[in-house]
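Novice: Reminder that position 94 of the sequence shown reads as 94 in UniProt numbering, one-by-one numbering, no gaps.
Just dropping this structure here.
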Amino acid sequence: MFLSELYRYPVKSGQAQSLKASPVGLLGLQGDRRWMVVEEENGRFLTQRAWPQLGQIDASDDDSGQLLLQAPGQAPLRVPVPPADDALRGVTIWRDTLRVPDAGDAAAAWLSELLGKAVRLVHCPEQRARYLPNGYGLNSDRAAFPDGFPLLLIGQGSLDELNRRIGRPMSMRRFRPNLVVQGAEPFAEDGWKRIRIGSLVFRVLKPSVRCIFTTIDPVTGERSADREPMATLKTFREKEGDVLFGQNLAVDGSGWLEVGMEVEILE
Numbered sequence: 001m002f003l004s005e006l007y008r009y010p011v012k013s014g015q016a017q018s019l020k021a022s023p024v025g026l027l028g029l030q031g032d033r034r035w036m037v038v039e040e041e042n043g044r045f046l047t048q049r050a051w052p053q054l055g056q057i058d059a060s061d062d063d064s065g066q067l068l069l070q071a072p073g074q075a076p077l078r079v080p081v082p083p084a085d086d087a088l089r090g091v092t093i094w095r096d097t098l099r100v101p102d103a104g105d106a107a108a109a110w111l112s113e114l115l116g117k118a119v120r121l122v123h124c125p126e127q128r129a130r131y132l133p134n135g136y137g138l139n140s141d142r143a144a145f146p147d148g149f150p151l152l153l154i155g156q157g158s159l160d161e162l163n164r165r166i167g168r169p170m171s172m173r174r175f176r177p178n179l180v181v182q183g184a185e186p187f188a189e190d191g192w193k194r195i196r197i198g199s200l201v202f203r204v205l206k207p208s209v210r211c212i213f214t215t216i217d218p219v220t221g222e223r224s225a226d227r228e229p230m231a232t233l234k235t236f237r238e239k240e241g242d243v244l245f246g247q248n249l250a251v252d253g254s255g256w257l258e259v260g261m262e263v264e265i266l267e
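This is the structure:
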């Protein structure tokens, strides 16, 4: 088994970046979901579930360490990383509330024009990261702005089996993993507790609960008329009302990941 793909998502619900290699640490892949769009009025987070326009955001780090925002029909914008303790804004992501630095008026105006709604862009420095959901992980584990956990792993064999059942190919990008592992049987990851990739040990914390987000085409932003892949997933991957696909992870320590690294099952 080996690591076949690496993805990060600089802005929550924005486009994926395919990587050949990446540093990894407490908050997952370096730069993954460290930025988030929130409503200006109340700080509540926005995602493609209700705002598919977020999928048009192509975000990356430029040579100076600033965030480069690009989207069709808009001029590119560079956003400096705000100081960790300045311009703090209260935000809500699911059941979590926290105070994080606001990225400024230029970024807010750029995103508000894209969405047609008054929004702000916020950043999560490591010292302001969230705890994981109750009952999962260690007290030291943290996450920036993913739905709940720092890393998501999916086996390529699992997607291949899902596609076989659907009868047409679905892109791995619909499921927004960080790590893709090739060489395992379909859904083998369901039984893993600890794995090693390179020099790093990862703890498998819980299955990933999937939602309507997976029915949005990551290229066109359009929803599947037949509600795939959720319709098929519900036929064989539903447990106690939750549809499960992929596994959430946390990492012990920090290090480096590179596509092609061997994946070893420890437990």
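We put the beta carbon where it would ideally sit given N, CA and C, even for glycine.
Pop quiz: residue 301 and residue 59 are said to be a contact at Cβ under 8 Å. What is the actual Cβ separation, rounded to whole angstroms?
Specialist: There is no way to answer for residue 301, as the model of the chain reaches only from 1 to 267.
Novice: How is residue 110 classed by DSSP in three states: helix, strand or coil?
Specialist: helix
Novice: Which one or two residues does DSSP pair with residue 102 in a beta bridge?
Specialist: 122
Novice: Going by DSSP, name the residue or residues bridged to residue 182.
Specialist: 2
Novice: Quick test of your reading: residue 261 and residue 2, contact by CB under 8 Å. State the CB separation rounded to the nearest angstrom.
Specialist: 6 Å
Novice: Can the beta-carbon of residue 212 be found less than 8 Å from the beta-carbon of residue 49?
Specialist: Going by C-beta atoms, residue 212 is nearer than 8 Å to residue 49.
Novice: Flag residue 184 as yes when its Cβ comes closer than 7 Å to any non-hydrogen atom of the ligand PLP, and as no otherwise.
Specialist: Absent from the structure shown: the ligand PLP. Ligands present: none.
Novice: Per DSSP, which one or two residues make a beta bridge with residue 91?
Specialist: In the DSSP output, where bridge partners are listed per residue, residue 91 has 98.
Novice: Might you give, ordered along the chain, the residues of its own chain that have their beta carbon closer than 6 Å to the beta carbon of residue 82, omitting 5 neighbours on each side?
Specialist: 101, 103 and 123
Novice: Assuming the contact rule is C-beta atoms closer than 8 Å, residue 266 and residue 196 should be a hit. Round their C-beta distance to whole Å, please.
Specialist: About 6 Å separates the beta carbons of residue 266 and residue 196, which is inside the 8 Å limit, making them a contact pair.
Novice: Going by DSSP in three states, residue 231 sits in which element: helix, strand or coil?
Specialist: helix
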